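Protein chains in written order, with the working numbering: chain E, 691 to 844; chain P, -2 to 141. All C-beta atoms, glycine included, are put in the ideal place defined by N, C-alpha and C. Note that the structure is a prediction, hence the values are computed from the model and not measured.
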Amino acid sequence: MALNLDYEGRSYPAGPVYEVGVEKLREFARAIGDTNPAYHDAAAARALGHADVLAPPTFVMIITMAATGAVIGDPGLGLDYTRVVHGEQRFAYTRPLMAGDKVRVVVTLESLRVAAGNDMVTARSDVTDEHGEHVVTTWGTLVARGTATSQEQS
Amino acid sequence: MTDDPRPAYADVVVGDELAPLILTLQRADLVRYAGASGDFNPIHWNQRFAVSVGLPDVIAHGMLTMASAGRVVTDWVVDPGAVLEYGVRFTRPVVVPDDDEGATVEISGSVSEKLDDNRVRVTLVARSGGVTVLGKAQAVVRLR
């Protein structure tokens, strides 16, 4: 299996709307052991100037991982998902994600490269709210270890 | 308007250290994170599978380590909405044995750069088993 470098720059249409629910935020916060009141209690979030319970900064990964999963499973991309590890992750927020948000994700294959025998894919996910306003962009780099074939570059 | 609990930009200097966090991760924590996040990759709960793909044992979700490290930042700024950027490299896995101790991750952070518009950069260090498990771990936050 070889990574199809022609896929670099390809964007995929947004999937279904994800509605951010307060119980899911609380469940996620508990799973990361975070008792910050802004993740659990709307009054605490409002005291900080926010409209509703906040999502922890990495929560949006739940939404973008689902969107990215459909993309990297594209057979034409040629990524061997059985050998994939998570190499890097980054988030850049315009505003915090919070309960009640209805968001969509557009995934773009921002960078495809082959280095040291590994296939590396950086997927950018642009997350927008129901008004089309930007909330957050995430970048996830997946590394398929030792899968590069004759396409290998230095 | 209520009192803004964030640290004041004017009071912060490069080198300021944030309160560190020592985290214990056991298998049950990984299962809980798998359920909450929807990431059910068996390398995070199935030792037999983890070993079959060349790992020493079950490893923690990188995103669980990242989320936990982020607590050092959000505990400092109090308002999680102050986090503008956050990024890490996953340099080494956090190996979580099937015992009563689990794995220990030590996370520390310090202010590494003052930026414009009341923003500062925080650099984090996360270590487990004597090695760093996150690289280039940085957040940008907006202070008061």
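Which ranges would you report for the alpha helix (DSSP H) in the stretch 17 to 73 of chain P if only whole runs of at least 4 residues count? 24 to 34 and 44 to 49
CB P/P77 to CB E/A789, shorter than 8 Å? no
What separation, rounded to the nearest whole angstrom, lies between the Cα atoms of E/N808 and E/L767? 15 Å
Is it true that the stretch 801 to 819 of chain E meets the stretch 80 to 98 of chain P, where meeting means three or more beta-carbon pairs spaced less than 8 Å apart? no
Span of the alpha helix (DSSP H) around E/A734: A732 to A737
According to DSSP, P/S109 sits in a beta bridge with which residue or residues? DSSP, once it has assigned bridges, lists no residue as partnering P/S109.
Measure from the alpha carbon of P/A66 to the alpha carbon of each residue in P/D13, P/S109, P/V102 and P/E14, then state which is nearest. P/V102
Mind listing the chain E neighbours of P/Y30? Cutoff is C-beta to C-beta under 9 Å, in chain order. F718, A721 and I722
From E/D724 to E/T772, what does the alpha carbon distance come to, in whole angstroms? 31 Å
Could you name the residues of the stretch 45 to 77 of chain P whose beta carbon sits closer than 9 Å to any beta carbon of chain E, in the order they occur along the chain? V50, G51, H58, G59, M60, L61, M63, A64, S65, G67, R68, V70, T71, D72, V75, D76 and P77
Leaving aside the five residues before and after P/R89 along the sequence, list all residues of the same chain whose C-beta is less than 6 Å from its C-beta, in chain order. V128 and V130
Contact set between P/V80 and chain E, taken where Cβ atoms lie within less than 7 Å: P747 and Y783
Please report how far the alpha carbon of P/R24 lies from the alpha carbon of P/A123, in whole angstroms. 19 Å
Give me the chain P residues within the contact set of E/H821, using Cβ-Cβ distance strictly less than 7 Å, ordered along the chain. Per Cβ cutoff of 7 Å: no residues; E/H821 is ~18 Å from chain P at best.
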